[in-house]
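Quick notes on the structure that follows.
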Amino acid sequence: MARRPARPARPGPSRPDLTGRSDRSAAPCPCGLPAAYGACCGRFHSGAAGAATATTPPAAVPPPTGAISPTAVTPPTAELLMRSRYSAFAVGDEPYLLRSWAPATRPPGVDLDPAVRWTSLEILETTDGTPFHTTGTVTFRARFTHQGKPGVLSERSRFARHEGAWVYVDGTVAE
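Under our numbering, residues 67 to 241 are what the sequence shown spells out, in order.
Here it is in structure tokens:
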């Protein structure tokens, strides 16, 4: 019996190229929702208005000072902000991470390790954080690989509205 020829290797997970060298807007969104990156978290990362869906309408609220343009689409809930921040880590979008961080707790920079590949996000619990709230929490589990070794980050993140837009305040990492 003849052996089948080997299949070519499939490319591993990669980060969407946000520099404009390639269009990754049609790729699946890293956040895990069933939408393309460009129509899901990518629209928040780019700050582009439009591409809203029936389940995730754009929030017509002013952004944090010095952060997101006044015409930008911002996540309407704390959970969607959490998902968009996870996606920003997955694609290496440091400017978005800083723009979506509360000014009072925002660091000068984010140390994104190129050896880390974020592989999945699981939302475990959401408390408040709707368009009708001013604060909210999201408990999540994010899986990743670092230099080929699997890892898990579990955190309870706190969010608040700052000048109308949801921002990340801080988080407590679960052991």
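Note that beta-carbon positions come from the ideal geometry of N, C-alpha and C, so glycine has one too.
Using a 10 Å radius around the Cβ and a threshold of 16 neighbouring Cβ atoms, would you call D179 buried or exposed? Your numbering for residue 179 matches position 113 in the sequence shown. D179 should be labelled exposed.
State the DSSP-derived secondary structure class of A226, mapped to helix, strand or coil. By one-based count along the sequence shown, residue 226 stands at place 160. In this structure, A226 counts as strand in the three-state DSSP scheme.
Between the alpha carbons of V235 and S186, how many angstroms are there, rounded? Stepping through the sequence shown from its first residue, residue 235 is reached at position 169. Stepping through the sequence shown from its first residue, residue 186 is reached at position 120. If you take the alpha carbons of V235 and S186, they lie about 22 Å apart.
Cα-Cα, which of P174, E160, T238, P173 is closest to L219? As a working mapping, residue 219 is identified with position 153 in the sequence shown. Among P174, E160, T238, P173, the Cα nearest to that of L219 is on T238.
Can you tell me whether DSSP reads F210 as helix, strand or coil? Position 144 of the sequence shown, counting from 1, holds the residue named residue 210. It is a strand residue.
Mind the definition here: the segment 155-171 touches the segment 195-207 only if three or more C-beta pairs lie below 8 Å; say whether that holds. no
For the beta strand (DSSP E) containing S186, list its first residue and its last residue. By 1-based counting over the sequence shown, the position of residue 186 is 120. From DSSP, the beta strand (DSSP E) with S186 extends over 182-194.
In three-state DSSP terms, what is L219? On the sequence shown, position 153 is the one that residue 219 refers to. Strand at L219.
Where H212 falls, given that 16 or more other Cβ within 10 Å makes a residue buried: Taking the first residue of the sequence shown as 1, we reach residue 212 at position 146. With fewer than 16 other Cβ atoms within 10 Å, it is exposed.
Should D177 go down as buried or exposed, given a rule of 16 or more other Cβ atoms within 10 Å for buried? Locating residue 177 in the sequence shown gives position 111, where the first residue counts as 1. Result: exposed.
Around the Cβ of D159, are there at least 16 other Cβ atoms within 10 angstroms (buried) or fewer (exposed)? Along the sequence shown, read from residue 1 onward, the residue named residue 159 stands at position 93. So D159 counts as buried.
Determine the closest residue to M148 out of E229, S223, G175, with distance taken between C-alpha atoms. Position 82 of the sequence shown, counted from the first residue, corresponds to residue 148. Closest option to M148, Cα to Cα, is S223.
Short Cβ contact (8 Å threshold) for Y152 with P94: Within the sequence shown, numbered from 1, the residue matching residue 152 stands at position 86. Within the sequence shown, numbered from 1, the residue matching residue 94 stands at position 28. Not closer than 8 Å, so no.
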